[in-house]
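Per the working numbering, residue 3 is the first one in the sequence shown, and the count goes up by one each step.
Backbone N, C-alpha and C fix where the C-beta goes; we use that ideal spot for every residue, glycine too.
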Amino acid sequence: MTAARRSGRVGRLSGRPRRPATLFALLLAALLALLAPACGGEDQPASPVGTESAQGDEAVQGEEGEQGDSEAVAVIREWSEMLGKGDIDAAAKLFALPSTVQNGTVPLKIETREDARAFNLSLPCGADLVETSTKGDVVTATFELTERPGPGSCDSGTGAKAKTAFVIVDGLIESWVRVPTGGGPARVAPQNPV
């Protein structure tokens, strides 16, 4: 295991100070909020929170929900389209520097464009945007996984659903965190190391 992996960072190590952990705490809180209904307690299904069809239909409002941020959703849609076309460079340019990613791993820091490229290259599947939901600054996107041009293969992940929680700032992805899809047995896409 490299020093970069042990420290939870992608790419070269630098002496730059880290950004506050505020975004990570926000995403962790959103993840816990998504998982809380699955932990038992009430038998009633959770109401949708700011759910919006990826085709641009009007959002379905939950009691506490907010309508999806259309600018953030546009960035997420563009990222998924570029990834689906195998255009790793274009997908990488949609990540803020620095940013944080977590795909079933410890949080990793994206500090250079090459780090962002390596992360996107590590995703073996393309992703068609199905729907989004927004709570605060976090937009959770549901994708249907697809094959895509480039190295790797989606294999048994093709057709499976995947969810990612995004924080978009100034038109760029500042945080990308894979979250559980819930319901039914999980079909996880194959993982390639970064």
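Original post:
What three-state label does DSSP hand E80 in the structure shown?
Top reply: helix
Subject >> Extent of the continuous alpha helix (DSSP H) to which R180 belongs >> reply: Where R180 is concerned, there is no enclosing alpha helix (DSSP H), although the beta strand (DSSP E) it sits in stretches over 174-181.
Subject >> Endpoints, the alpha helix (DSSP H) within which A129 is located >> reply: That residue, A129, is in no alpha helix (DSSP H); its beta strand (DSSP E) goes 128-137.
**OP:** Using 10 angstroms around the beta-carbon of V108, count the other beta-carbons present and answer buried if the total reaches 16, otherwise exposed.
**Re:** exposed
Original post:
Can you tell me where the alpha helix (DSSP H) with A94 in it begins and where it stops?
Top reply: 90-94
**OP:** Compute the Euclidean distance between the alpha carbons of D71 and G173, then round it to the nearest angstrom.
**Re:** 11 Å
Subject >> Inter-residue spacing [alpha-carbon to alpha-carbon] between D91 and A120 >> reply: 10 Å
**OP:** Could you tell me if A27 is buried or exposed, where buried requires 16 or more neighbouring beta carbons within 10 angstroms of its beta carbon?
**Re:** With a pLDDT of only 45 at A27, under 50, the local geometry of the prediction cannot be trusted, and no value is derived from it.
**OP:** Hey, could you find the ends of the beta strand (DSSP E) E146 is sitting in?
**Re:** 140-148
Original post:
Should S135 be labelled buried (16 or more other beta-carbon atoms within 10 Å of its own) or exposed?
Top reply: buried
Original post:
Count the other CB atoms within 10 Å of the CB of D157; is the residue buried (16 or more) or exposed (fewer)?
Top reply: exposed
**OP:** Look up S72 in the DSSP assignment and say whether it is helix, strand or coil.
**Re:** helix
Subject >> Host alpha helix (DSSP H) of A118 (start-end) >> reply: 115-123
Original post:
Which same chain residues, not among the five before or five after G128, have their C-beta less than 6 Å away from its C-beta?
Top reply: L85, G86, T148, R150
Original post:
The beta strand (DSSP E) spanning S101 covers which residue range?
Top reply: 97-104
Original post:
In this structure, what does DSSP give as the bridge partners for K165?
Top reply: T144, V181
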